[in-house]
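Scroll down for the structure; my scribbles are underneath it.
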Amino acid sequence: MDLFIRNAAEVVCISRTGARDKTGSNLAEPEAIQNAGIAIDHGRIAWVGPMAESQDHFQGATVIDATGKTVIPGLVDSHTHLVFAGSREMEFEARLQGKTYQQIAAAGGGIQATVNSVRQAALEDLKEQARRRLRELLAFGATTIEVKSGYGLSLEDELKCLRVIAALNREGPWELVPTFLGAHAVPAEYASNRAGYVRQLTTEMLPEVARLGLAEYCDVFCETGVFSLFESELILTRARELGMKLRVHADELTPLGGGELAARLGAASADHLLRVSARGIEALAEAGTVAILLPGTAFFLGEAYAPARRLIERGAIVALASDCNPGTCPTENLQILGTIACTQMKMLPAEVLSAFTLNAARSLGREDRMGSIEAGKQADLVICDVPNHRQLFYHFGVNHVWQVIKRGRVVHAA
Ligand SMILES: [Zn+2]
Numbered sequence: 046m047d048l049f050i051r052n053a054a055e056v057v058c059i060s061r062t063g064a065r066d067k068t069g070s071n072l073a074e075p076e077a078i079q080n081a082g083i084a085i086d087h088g089r090i091a092w093v094g095p096m097a098e099s100q101d102h103f104q105g106a107t108v109i110d111a112t113g114k115t116v117i118p119g120l121v122d123s124h125t126h127l128v129f130a131g132s133r134e135m136e137f138e139a140r141l142q143g144k145t146y147q148q149i150a151a152a153g154g155g156i157q158a159t160v161n162s163v164r165q166a167a168l169e170d171l172k173e174q175a176r177r178r179l180r181e182l183l184a185f186g187a188t189t190i191e192v193k194s195g196y197g198l199s200l201e202d203e204l205k206c207l208r209v210i211a212a213l214n215r216e217g218p219w220e221l222v223p224t225f226l227g228a229h230a231v232p233a234e235y236a237s238n239r240a241g242y243v244r245q246l247t248t249e250m251l252p253e254v255a256r257l258g259l260a261e262y263c264d265v266f267c268e269t270g271v272f273s274l275f276e277s278e279l280i281l282t283r284a285r286e287l288g289m290k291l292r293v294h295a296d297e298l299t300p301l302g303g304g305e306l307a308a309r310l311g312a313a314s315a316d317h318l319l320r321v322s323a324r325g326i327e328a329l330a331e332a333g334t335v336a337i338l339l340p341g342t343a344f345f346l347g348e349a350y351a352p353a354r355r356l357i358e359r360g361a362i363v364a365l366a367s368d369c370n371p372g373t374c375p376t377e378n379l380q381i382l383g384t385i386a387c388t389q390m391k392m393l394p395a396e397v398l399s400a401f402t403l404n405a406a407r408s409l410g411r412e413d414r415m416g417s418i419e420a421g422k423q424a425d426l427v428i429c430d431v432p433n434h435r436q437l438f439y440h441f442g443v444n445h446v447w448q449v450i451k452r453g454r455v456v457h458a459a
């Protein structure tokens with residue numbers, strides 16, 4: 046045995062029966078063990094159970110004493126835009142003064158402002174900035190992180206962003222999941238030729254990204270004034286033909302029907318969903334498309350929150366993510382997002398943990414390897430300096446992480 050975590054006040058397993066996801070009332074079941082231990086061998090969980098039954102599982106192992114602490118699965122952040130340059134605090138202030146999105150964009154803000162900064166930035170510079178955000182996410186407990194391109198919006202600049210993600214994934218200790226989001230916005234140079242940009246995406250950018258194997262997923266910002274349902278379907282269908290799996294920015298600002306589209310195309314996830322319709326909820330639940338909710342974005346924009354309770358009641362697979370980005374959610378603190386999910390979306394602490402672990406892993410096709418603390422799974426664990434999982438979100442605004450373990454190795458210590 047390589048590593049043994051002993052005497053944890055609570056180990057929140059999330060699943061103990063090999064579940065692939067958690068829905069309905071099951072989402073609130075932490076499947077926790079009190080006064081527990083975890084044995085790790087060759088980067089995998091070999092045993093988890095009550096200390097009274099630990100027998101000789103710690104023979105020869107390095108021991109971590111977790112007395113008074115809570116162990117949770119490594120958090121999976123399934124939606125980030127953390128490869129960017131520059132910052133948009135002027136826009137933040139303008140929004141506080143009541144300026145609209147259109148006024149902000151006209152004054153040089155919005156996604157296009159970040160696109161301009163990213164196009165000017167060197168790959169090494171982008172990499173260093175993204176690495177700093179990843180370190181921060183890791184310190185808050187994220188061990189696997191989905192990262193989207195989408196601030197390049199030209200073949201060359203999108204490839205630059207995807208190469209940053211690939212390089213940082215090789216570097217570790219985190220595991221990154223790359224998503225191509227060339228359809229994040231129509232870039233300024235195509236403002237009067239939308240069809241031209243969609244053609245550029247489907248005939249040049251997507252085939253080249255696929256050829257280079259730089260993205261596992263393709264995502265589209267399906268929204269009124271961004272990409273229509275028709276354009277989104279065109280782009281997503283092409284991506285699927287090229288072997289990519291799908292994610293959709295859906296029903297964030299208007300109930301356009303992105304949720305229904307994601308379900309119909311068999312997308313892995315539909316994200317945001319602030320304005321998802323009743324039909325959209327049913328479609329997502331039926332298709333098993335993960336509903337990824339981003340409470341930090343609604344909080345930061347002062348918008349109404351996604352209908353988490355209705356999604357859970359209807360049986361949808363609900364996940365949570367940060368949406369870490371410079372415009373609408375500049376944070377890496379997943380714990381405070383959990384508190385927002387509790388107080389504003391009425392999710393219970395155990396539901397928040399299931400949504401940030403197993404269900405998020407499911408949306409990334411990694412639920413067989415991560416997202417729960419069970420024998421055989423990858424040893425991605427977070428030891429938190431709280432005596433039970435409720436305190437993680439109850440005592441808010443501080444970082445409760447004590448140690449982060451990725452593939453059986455301690456990769457961060459407070
Ligand atoms: Zn997003």
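Residue 459, in our numbering, is where the sequence shown stops; the numbers in between run on with no holes.
For each residue, glycine too, the CB sits at the ideal point set by N, CA and C.
Reducing DSSP to helix, strand and coil, say where phenylalanine 129 ends up.
The answer is coil: DSSP assigns phenylalanine 129 none of H, G, I, E or B.
What number of angstroms, rounded off, separates the C-alpha of serine 70 from the C-alpha of isoleucine 357?
Whole-angstrom Cα-Cα distance: 8 Å.
Cβ-heavy atom distance between aspartate 296 and ligand 1 below 7 Å?
Answer for aspartate 296: no, Cβ out of range of ligand 1.
Does DSSP put leucine 72 in a helix, a strand or coil?
Three-state result, leucine 72: helix.
Thinking C-beta only, is cysteine 387 closer than 8 Å to isoleucine 117?
Cβ atoms of isoleucine 117 and cysteine 387: not closer than 8 Å.
Can you give the Cα-Cα distance for phenylalanine 401 and leucine 120, rounded to whole angstroms?
Their Cα atoms are separated by approximately 6 Å.
Taking C-beta to C-beta, are leucine 279 and valine 243 nearer than 8 Å?
Cβ distance < 8 Å, so leucine 279 and valine 243 count as in contact.
Am I right that glutamate 268 and leucine 301 are in contact with their C-beta atoms under 8 Å? What's the rounded C-beta distance?
At roughly 6 Å, the Cβ-Cβ gap stays under 8 Å, so glutamate 268 and leucine 301 are in contact.
Between the segment 365 to 385 and the segment 80 to 97, do three or more beta carbon pairs fall short of 8 Å?
Output reads no: the segment 80 to 97 does not touch the segment 365 to 385.
Note down, in chain order, each residue of its chain lying with its Cβ closer than 6 Å to the Cβ of tyrosine 196, except the 5 sequence neighbours on either side.
Contacts found: Phe129, Thr159, Val160 and Val163.
For a quick check, are the C-beta atoms of valine 363 and alanine 328 less than 8 Å apart?
In this structure, alanine 328 does not lie closer than 8 Å to valine 363 by Cβ.
By the three-class DSSP mapping on this structure, what secondary structure does isoleucine 59 have?
Residue state, collapsed to three classes: coil.
Between lysine 205 and leucine 168, what straight-line distance do the alpha-carbon atoms span, to the nearest angstrom?
So the alpha carbons of these two residues sit roughly 6 Å apart.
Note down, in chain order, each residue of its chain lying with its Cβ closer than 8 Å to the Cβ of asparagine 214, except the 5 sequence neighbours on either side.
Excluding positions up to five away in sequence, the list reads Glu220, Leu221 and Pro223.
Kindly list the residues whose CB is nearer than 7 Å to the CB of glutamate 76, restricted to its own chain and excluding five residues on each side of it in sequence; keep chain order.
Cβ neighbours of glutamate 76 beyond the five flanking positions: Cys58, Ile59, Ser60 and Arg61.
DSSP three-state label for isoleucine 381, please.
Helix at isoleucine 381.
Give me the residue from Thr68, Asp425 and Ala53 with the minimum Cα distance to glycine 82.
It is Ala53.
Assuming alanine 313 contacts arginine 292 under a Cβ cut-off of 8 Å, what Cβ separation, rounded to an integer in Å, is found between them?
Confirmed, Cβ separation roughly 6 Å.
Going by Cα to Cα distance, which pick from Val56, Arg454 and Cys263 is closest to glycine 113?
Here the closest residue by C-alpha is Val56.
Comparing C-alpha positions only, which one of Leu226, Leu183, Arg180 and Ala211 sits nearest to serine 194?
Considering only alpha carbons, the answer is Leu226.
Return helix, strand or coil for glutamine 148, following the three-state DSSP convention.
Reduced to three states, the DSSP call for glutamine 148 is helix.
Confirm, please, whether the CB-CB distance from valine 446 to alanine 111 is below 8 Å.
The answer is no: Cβ separation not under 8 Å.
Flag aspartate 122 as yes when its Cβ comes closer than 7 Å to any non-hydrogen atom of ligand 1, and as no otherwise.
Aspartate 122: no, Cβ never under 7 Å from ligand 1.
Could I get the ranges of all uninterrupted alpha helix (DSSP H) runs contained in the segment 405 to 439, with 4 residues as the minimum, in chain order?
You should have 435 to 439.
Let me make sure I understand the geometry here. Which of Leu257, Met289 and Glu173 has the alpha-carbon closest to that of glycine 131?
The residue with the shortest Cα to Cα distance from glycine 131 is Glu173.
Can you list, in chain order, the stretches of the alpha helix (DSSP H) that have 4 or more residues and sit fully within the segment 135 to 189?
Counting whole runs of 4 or more residues, the segment 135 to 189 contains the alpha helix (DSSP H) stretches 146 to 151, 156 to 165 and 168 to 184.
Just the C-alpha distance for glutamate 396 and alanine 236, rounded to the nearest angstrom, thanks.
So the alpha carbons of these two residues sit roughly 42 Å apart.
In its own chain, which residues sit with a C-beta less than 6 Å from the C-beta of methionine 392, not counting the 5 before and 5 after it?
Here the set comprises Ala353 and Ala386.
Hey, isoleucine 326 and histidine 229 are a contact pair by Cβ (cut 8 Å); roughly how many whole angstroms apart?
The pair is not a contact, with the Cβ atoms about 25 Å apart (cut-off 8 Å).
Using a Cβ-based criterion (distance less than 7 Å to any ligand heavy atom), does aspartate 425 qualify as near ligand 1?
False, no ligand heavy atom lies under 7 Å from that Cβ.
Among the residues of its own chain, which have a CB less than 7 Å from the CB of leucine 483, if the five just before and after it don't count?
Nothing about residue 483 can be reported from this structure: the residues present for the chain run from 46 to 459 only.
In terms of DSSP beta bridges, what is glutamate 191 paired with?
Val222, per the DSSP bridge assignment.
For leucine 48, list the residues DSSP reports as bridge partners.
In DSSP, leucine 48 forms a bridge with Ile85 and Thr107.
Using only alpha-carbon positions, find the residue among Arg309, Glu331, Leu298 and Ala366 that is nearest to glycine 347.
Nearest option by C-alpha distance: Leu298.
Consider the C-beta atom of asparagine 370 and the heavy atoms of ligand 1; say whether any pair is separated by less than 7 Å.
Yes, the Cβ of asparagine 370 comes within 7 Å of a heavy atom of ligand 1.
Can you check DSSP and say which residues form a bridge with histidine 317?
Ala295, per the DSSP bridge assignment.
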